[in-house]
Amino acid sequence: MSQSLIIFEPSGKVLYQVNNKISPFNDLIYSIVNESHTEHNPGFYTTSANQKRFYALKKGNLYAALYFDVVTTLDNAKVKSCLSGVLRTYATVTEEGTEEKLPKLVEYQFNQLMKLKTGTPVATTPDRATKTSDSKVEKTAKKKGKVMRKWVNGEMVEISADDGALDYSEGKIDSADALAEEKLVVDNSNFQRSDDLVLVSELQDILGDSDSEDEDKPAPKTLTSTFFGKISSYFGGAADIDDVSKKFYDQLISKNIAPPTATTIIDKIKTTIGKRQVTAAEFKSVLTEELTKTLTPNVSTDLLYDIKRNSSSKSRPYVISVVGVNGVGKSTNLAKLAYWFLQNNMNVLICACDTFRSGAVEQLKVHVNNLQRLNSASATSSKIDLFEKGYGGGDHVVNTAKSAIAYAQEQGYDIVLIDTAGRTHSNAKLMAPLKKFGDAANPNKIIMVGEALVGTDSVEQAVNFNNAFGNRRNLDFFIISKVDTVGDLVGSMINMVMATRVPILFVGTGQTYTDIKKLSVKSVVEMLTR
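At position 351 of the sequence shown the residue is numbered 959 (the numbering used here), and the sequence of numbers has no breaks.
Here it is in structure tokens:
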């Protein structure tokens, strides 16, 4: 396929190019000068010439443009998103003086765009809390007596107790019943290959957490309409630090930071500044530094390298346990981790230790069937399977975990991902079994899935789970789910990290297997202080 991309100035000076096919862009420039192009949005142009389709996006004093064979069909919004991302990437790396990153990041975006075709379906993860609007799930008519639930085509439906037992763990779920018939496809643009590893892409740190275009968003707020602009205007210059602190305290509370946590942060800022008169800009600068320090991991998050070292030592498989309260998305995020490990050619065994919630084993079976199909269609040599022993309580969970680890060692699996039952963090009776489970399974890492929209209760959740495994063990990482649902109310992340000093490994941003991203600390801090 003939295709190329350039970044250039209005004068015509080319600042960056992907491959050497520049001359065809003369047709695009001609169409812009003579206004013979089609303008989809302000600054977004397209035209066709000499069997090529051209697109150009102008932002400020820079253009990004590309062309490809006219027979190629791509959605205009995806092309515009790619060009916008390229321009933002170029601006970021040149500002930071890290131009060596530019080829990898720009070509990655361009190549991902070229892989896309209009109408490509995306595989989503089965989630008991999410239903697709156009799905057609047959629901049984209401009957008298006890109503039970089971998974059908990836969704929970009600059945009468007379229709049979819910526990199907002794048999096999036919993949034709468990999975939709359409081809499963995922968008791997959140991943980036580096040497022999597939990483959650660094690109997301540069572009932030939003994939929408600037032109499609509401008009940006002026300085005087933002929080910082208002208080700067209110105080004018230097003011009493207590008065300035009160304004910033209220801002942190409005972003879902718990009052005790906000008080701790503000007191530390006041101590650091150490004077009575302060400007809003000075206070914000110290606050930004403190929040950045809080969210930046204080332990290594090089999880892949840790797992690789463990695999090369021929010791027992690397064991990761996923815990959290009910409904936060433990199984969904466990499946996302599994897909990421599969892309790194690791053999994954998922252990079903949520033996309490009805349908939990069946949900994992759907995940594993999906992942097996996706994995078989890829070029990886890895494998994934489910280890389960049905439902039960108490010692059944411990025995299942120990048996899964022993089986994984015998069969050559690199990783065991253990799903656990959701539990109310304030119920000591429900939390107590975690210590026994932790002592028996002895996982290498314990990951808690927290929910971005939980608000100030996140402090107690994080502390209770961090303490549940006894004096010798703590949580190792957080995965913060449903970040795409809260906008700029991201205070729960600060709450959980400050309460435990446990770093955030990933944030969950959707329902597909690739909807995980590295935390953009800069973006979160800006959301909290702007």
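We treat Cβ as the ideally placed atom computed from N, Cα and C, and that holds for glycine.
Residue closest to residue i, alpha-carbon to alpha-carbon, out of the options
| i | options | result |
| --- | --- | --- |
| Ile614 | Gly668, Asn953, Leu691 and Lys667 | Leu691 |
| Thr887 | Ala866, Leu899, Pro868 and Asp850 | Asp850 |
| Gly958 | Lys938, Glu715 and Ser966 | For clarity, residue 958 is Ile in the given sequence; the question names Gly instead. Considering only alpha carbons, the answer is Lys938. |
| Val1115 | Ser1089, Thr1108 and Ser1131 | Ser1089 |
| Gly1099 | Val1062, Val806, Ile1054 and Asp1047 | Val1062 |
| Val794 | His1033, Glu898 and Gln720 | Gln720 |
| Met1135 | Thr1108, Glu647 and Leu1097 | Leu1097 |
| Tyr671 | Pro650, Gly998 and Arg1080 | Pro650 |
| Ala960 | Phe995, Leu942, Leu695 and Leu982 | Phe995 |
| Tyr1121 | Leu942, Arg1081, Ala657 and Asp993 | Leu942 |
| Ser984 | Lys723, Tyr624, Leu1113 and Gln951 | Gln951 |
| Gln1119 | Thr1093, Val1067, Leu1113 and Lys854 | Thr1093 |
| Asp1084 | Pro867, Val930 and Ser644 | Val930 |
| Glu1059 | Ser920, Val1091, Leu860 and Val1133 | Val1091 |
| Lys883 | Val1005, Ser656, Ala847 and Lys666 | Ala847 |
| Ile1026 | Thr879, Met1056, His1033 and Lys1037 | Met1056 |
| Glu905 | His1033, Leu1127 and Ile881 | The question names Glu, but residue 905 is Pro in the sequence shown. Considering only alpha carbons, the answer is Leu1127. |
| Pro925 | Val1006, Lys1010 and Gly1001 | Lys1010 |
| Ile865 | Ile1124, Ser986 and Met1101 | Met1101 |
Reduced DSSP secondary structure (H/G/I, E/B, other) of residue i
| i | result |
| --- | --- |
| Asp770 | Note that Asp770 scores 48 on pLDDT, short of 50, meaning its location in the model is unreliable; the coordinates nonetheless yield the value given after this. Helix, per DSSP. |
| Tyr999 | coil |
| His975 | helix |
| Ser1128 | coil |
| Phe633 | helix |
| Ala737 | Reliability fails at Ala737, whose pLDDT of 42 lies under 50, so the model's placement of it is uncertain and the value that follows must be treated cautiously. It is coil, neither helix nor strand. |
| Ala1076 | coil |
| Thr834 | coil |
| Gln951 | helix |
| His648 | strand |
| Ile1088 | strand |
| Lys1037 | helix |
| Ala1029 | coil |
| Thr1120 | strand |
| Glu617 | coil |
| Tyr913 | helix |
| Lys883 | coil |
| Ile846 | Sequence inspection shows Ala at residue 846; the Ile mentioned does not correspond to that position. DSSP places Ala846 in coil when its eight states are reduced to three. |
| Phe718 | helix |
| Leu1097 | coil |
| Thr654 | strand |
| Phe964 | coil |
| Arg981 | helix |
| Lys1058 | A small correction: the amino acid at residue 1058 is Gly; Lys does not occupy that position in the sequence shown. Strand, per DSSP. |
| Tyr1021 | coil |
| Asp683 | coil |
| Leu713 | helix |
C-alpha distance - residue i paired with residue j, whole-angstrom precision
| i | j | result |
| --- | --- | --- |
| Val745 | Val969 | Bear in mind that a pLDDT of 34 at Val745, under 50, signals an unreliable position, so the number given afterwards is only what the model happens to contain. Each residue's Cα considered, the two are about 20 Å apart. |
| Leu710 | Asp910 | 23 Å |
| Met954 | Trp948 | 9 Å |
| Ser578 | Ser893 | Outside the modelled stretch of the chain, which goes from 609 to 1138, sits residue 578, for which no answer is possible. |
| Gln1019 | Lys876 | 52 Å |
| Thr902 | Met1106 | 7 Å |
| Glu617 | Lys688 | 18 Å |
| Ile873 | Leu895 | 8 Å |
| Asn1035 | Asp1065 | 14 Å |
| Ser1151 | Asp993 | Within the shown structure, residues of the chain are numbered from 609 to 1138, placing residue 1151 beyond reach of any answer. |
| Gly693 | Ala1016 | 42 Å |
| Gly705 | Val852 | 35 Å |
| Leu695 | Val714 | 9 Å |
| Asn1072 | Met1104 | 11 Å |
| Met722 | Phe633 | 18 Å |
| Lys752 | Leu979 | The predicted position of Lys752 is uncertain, since its pLDDT is 43 and thus under 50; no value can be drawn from it. |
| Thr646 | Gln1069 | 54 Å |
| Glu898 | Arg1109 | 14 Å |
| Ser862 | Lys855 | 11 Å |
| Ser966 | Ala1048 | 24 Å |
Beta-carbon separation (whole angstroms), residue i vs residue j, contact threshold 8 Å
| i | j | result |
| --- | --- | --- |
| Phe718 | Val622 | Contact doesn't hold; Cβ gap of about 15 Å is too wide. |
| Ser612 | Tyr675 | 6 Å |
| Ile1054 | Phe1077 | 7 Å |
| Thr900 | Val1129 | 6 Å |
| Gly932 | Gly1030 | 6 Å |
| Arg1138 | Phe799 | So it is not a contact: roughly 30 Å between Cβ atoms. |
| Pro1051 | Ile928 | 6 Å |
| Leu636 | Phe662 | 4 Å |
| Leu1067 | Thr869 | Before going on, a small fix: residue 1067 reads as Val here, not Leu. That pair is a contact at about 6 Å. |
| Leu912 | Leu805 | 5 Å |
Cutoff 8 Å: residue i Cβ touching any chain C Cβ
| i | result |
| --- | --- |
| Lys922 | Among the protein chains of the structure shown there is no chain C, as only one such chain exists. |
Meets three-Cβ-pair contact criterion under 8 Å: the segment 965–979 and the segment 1041–1048: Flag = no, the segment 965–979 and the segment 1041–1048 do not touch.
The segment 841–849 / the segment 878–898 touching (three or more Cβ pairs under 8 Å): yes
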